[in-house]
Amino acid sequence: MGTPENLSGGTGGRREPLRFDQDASATAVDMDTAIVLLGAGVTAITHPLLYVKLLIQIGHEPLTPTVGTTMFGRKVLYLPGFFSYAQHIVRVDGKMGLFRGLSPRIMSSAISTMVRSKVKQAVPAEQAEHVSNKDDLKTSLRKVMKETSHEMVIQCLSRIATHPFHVISVRCMAQFVGREVKYRGLFSSITKIFNDEGIGGFFVGVVPHVLGEVIFLWCCNLLAHFINTYAVDDNFSQAPAVRSYTKFVMGIAVSVLTYPFMLVADLMAVNNCGLVAGLPPNSPIFKSWVHCWAHLSHEGHLFRGSSFFYRRVPVTGVALTEE
């Protein structure tokens, strides 16, 4: 019969991986918690900016445009920027009014972090394949496509899981237009949408939202790959630094092109939901997101709300005079 020391020594090698797995699991949980808390903080700080953006997207312009001149001396009408709009919200609802619809966004951020973490564990990315010496400094196209496909799966699942909270947040903010109180707390809003529209009510606008993010992801990654591979010369001393910033710059450029998808998704979340902001005369009732896109394109409003600080009223054939 073995002594306690022998028993301890004989099983020590088997217990060590268990302790290692537990430590790794605890570390992963701590990391996810830190990301959730950081995401909540960033969401709270940036919420007023997105709140003003949402009101501009749905076409709510409560402040009178001002007459200004361009650098060429031509008079134009300027709509209020972010700070003027935010001050108007504060005058109407107080400082806390800038955080209307924040709780669903924080919940959406937390769920997104957890979903992305779980999906990465369940569907791990494939190991980078061996490439020739010629390709050591350039990511192979096949590798980029595999990585983008994996990232696309994660992004799509995350968006579908969090979209109901996005719809709730958008509707809470859109109530500012008609001063409604239809959507108050998170749980009461869930009950309200389910009773009025069923499960489908939580996913209005999800198609353009997912399409926009998928197009953004593929365009950003592929453009960055081709630029790093064919436009950046290896002999250039700063080539590694340039390549490290290419994806970031491409992200900014592509986000401008995919903005209409985000706009349409937000408008569909409000469309015909019983709020003044989503009903005539403030907004037509759209049959589908394609109908919404066509209407915005016809009106020249596909990029409405994309700018916060430099917004001009498109006026043609009208003489402007300062009062």
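Everything in the sequence shown is counted per our numbering, starting at 44 for the first residue and increasing by one.
For every residue, glycine included, the Cβ atom is placed at its ideal position computed from N, Cα and C.
(Q) For a minimum of 4 consecutive residues, which ranges assigned as the alpha helix (DSSP H) are wholly contained in the segment 96 to 155? (A) Qualifying alpha helix (DSSP H) stretches, in chain order: 125 to 136.
Q: Determine the burial state of F230: buried for a count of at least 16 other Cβ atoms within 10 Å of its Cβ, exposed for fewer.
A: When all chains shown are included, F230 counts as exposed.
Q: Check whether the Cβ atoms of N315 and L322 sit closer than 8 Å, and answer yes or no.
A: yes
Q. To the nearest angstrom, how far is it from the Cα of Q218 to the Cα of I211?
A. 11 Å
Q. Which residues in the same chain as G248 place their Cβ atom closer than 6 Å to its Cβ, once the five residues preceding and following it in sequence are excluded?
A. A308, M311, A312
(Q) Please list the terminal residues of the continuous beta strand (DSSP E) segment that includes R354. (A) 354 to 356
Q. Apart from the five residues just before and just after R355, which ones in its own chain have a Cβ nearer than 8 Å to its Cβ?
A. Sequence-distant partners of R355 (beyond 5 residues in either direction) whose C-beta falls short of 8 Å from its own C-beta, in its chain, are V119, L120, Y121, L122.
Q: Could you say if the segment 193 to 202 and the segment 236 to 244 meet the contact criterion of at least three C-beta pairs nearer than 8 Å?
A: no
Q: Output yes or no for whether 8 Å exceeds the beta carbon distance between I99 and S326.
A: no
**Q.** Inter-residue Cα distance where the pair is V133 and F125
**A.** 12 Å
Q) At which residues does the alpha helix (DSSP H) containing I233 begin and terminate? A) 229 to 240
Q: Evaluate Y288 with the Cβ neighbour count: other Cβ atoms within 10 Å of its Cβ, from every protein chain shown; 16 or more gives buried, anything less gives exposed.
A: Around the beta-carbon of Y288, fewer than 16 other beta-carbon atoms lie within 10 Å, marking it exposed.
Q: Return the chain-ordered list of same chain residues with a C-beta closer than 8 Å to the C-beta of C263, the five sequence neighbours on each side being excluded.
A: K290, M293, G294, V297
Q: Write down the C-beta distance between R148 and H90 rounded to the nearest angstrom, noting that I regard them as a contact closer than 8 Å.
A: Contact flag correct, Cβ pair sits at about 6 Å.
Q.
Mapping the DSSP letters down to three states, classify T301 as helix, strand or coil.
A. coil
**Q.** Buried or exposed (CB count within 10 angstroms, at least 16 for buried), T234
**A.** exposed
Q) Beta-carbon separation of K138 and F351 under 8 Å? A) no
(Q) Within 10 Å of its beta-carbon, does G348 have 16 or more other beta-carbons around it, so buried, or fewer, so exposed? (A) buried
**Q.** Burial state of G255 (16 or more Cβ within 10 Å)
**A.** buried
Q | Sequence-distant residues of its chain with Cβ nearer than 6 Å to S155 (five each side left out) | A | So the qualifying residues of the chain are S201, T205.
Q. Thinking just about the alpha-carbon of each residue, which of M216, W332, M157 is nearest to the one in V250?
A. Ranking M216, W332, M157 by Cα distance to V250 puts W332 first.
Q.
Tell me the rounded alpha-carbon separation between F304 and L106.
A. Taking the Cα positions, F304 is about 27 Å away from L106.
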